[in-house]
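Those letters in the sequence shown? Residues 2 to 157, by the working numbering.
Each remark here refers to the structure printed beneath this line.
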Amino acid sequence: MEIARLLHTFAGPVAAFLAVVPGLRRPAGPPPPVLDGPTMTNVDFPAVRPPSATYWPERSCILSGRPEQTATYVYESPDKLFAAGIWTCRPGKFRIDFGRDEFIHLLEGAVTVTDAEGRSKTYRAGDAFVTPKGFSGTWDVIEPVRKHFTYYGAVD
2 MEIARLLHTF
12 AGPVAAFLAV
22 VPGLRRPAGP
32 PPPVLDGPTM
42 TNVDFPAVRP
52 PSATYWPERS
62 CILSGRPEQT
72 ATYVYESPDK
82 LFAAGIWTCR
92 PGKFRIDFGR
102 DEFIHLLEGA
112 VTVTDAEGRS
122 KTYRAGDAFV
132 TPKGFSGTWD
142 VIEPVRKHFT
152 YYGAVD
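Here is the structure:
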């Protein structure tokens, strides 16, 4: 008798819960069709970074050290608004203004990022973060940095 009462009490709420949790429901009908259109393929980041030319921040932006940099673009969208690549920088501190949103995943090194208000945070290999368009501050590269990046947007 006790089992029957428990089933009667809890069966309704459990069934309602299972009905609203998408991961526990089976999809209805056949899977969606493959999209019509041009065939696109993934673009892989290379295991070994291809050679790229070095460059420096503007002289007036360098605050200390020798922050020599490289940028290798792995992908750029046809409209030039989205790009992904690999960036490196040697130790040094420099002022930076971000003209577009950027996702950053540090692969090597360490950097302390300080915003215009003086708030700072140190990121190390394995950390990931987003720097929004309009960020103004400094990057203090403590150990040589290598990062994967993606950005979106037109530069103002």
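Idealized CB from N, CA, C, for every residue including glycine.
{"Item": "For the beta strand (DSSP E) holding Val44, just list the boundary residues, first then last.", "Value": "No beta strand (DSSP E) holds Val44; DSSP gives it neither H nor E."}
{"Item": "Note the first and the last residue of the continuous beta strand (DSSP E) segment covering Cys90.", "Value": "83–90"}
{"Item": "Say whether the segment 70–82 touches the segment 119–133, bearing in mind that this needs 3 or more beta-carbon pairs closer than 8 Å, one atom from each stretch.", "Value": "no"}
{"Item": "Please report the distance separating the alpha-carbon of Arg147 from that of Asp157.", "Value": "26 Å"}
{"Item": "When DSSP labels each residue in this structure, what does Arg125 get in the three-state scheme?", "Value": "strand"}
{"Item": "Do Glu144 and Pro68 count as a contact pair if the criterion is CB distance below 8 Å?", "Value": "no"}
{"Item": "I'd like the span of the beta strand (DSSP E) that includes Leu108, first residue to last.", "Value": "102–116"}
{"Item": "For chain D, find out if any of its Cβ atoms is closer than 8 Å to the Cβ of Phe150; answer yes or no.", "Value": "The displayed structure is made up of one protein chain only, and chain D is not part of it."}
{"Item": "Using DSSP bridges, identify the partner residues of Ser137.", "Value": "Asp98"}
{"Item": "Should Asp1 and Pro133 be called a contact, given that it needs their Cβ atoms to be closer than 8 Å?", "Value": "This structure cannot settle anything about residue 1, because the visible part of the chain is limited to 2 through 157."}
{"Item": "In three-state terms, what does DSSP make of Ser78?", "Value": "coil"}
{"Item": "Which value, in whole angstroms, describes the spacing of the CA atoms of Phe46 and Glu109?", "Value": "15 Å"}
{"Item": "Do you know whose CA, among Phe136, Gly154, Gln70, lies nearest Ala117's CA?", "Value": "Phe136"}
{"Item": "Of the residues Leu36, Tyr153, Arg50, Gly30, which one's Cα is nearest the Cα of Ile105?", "Value": "Tyr153"}
{"Item": "In the structure shown, what three-state DSSP assignment does Arg67 receive?", "Value": "coil"}
{"Item": "Consult DSSP for Arg50 and reduce its assignment to one of helix, strand or coil.", "Value": "coil"}
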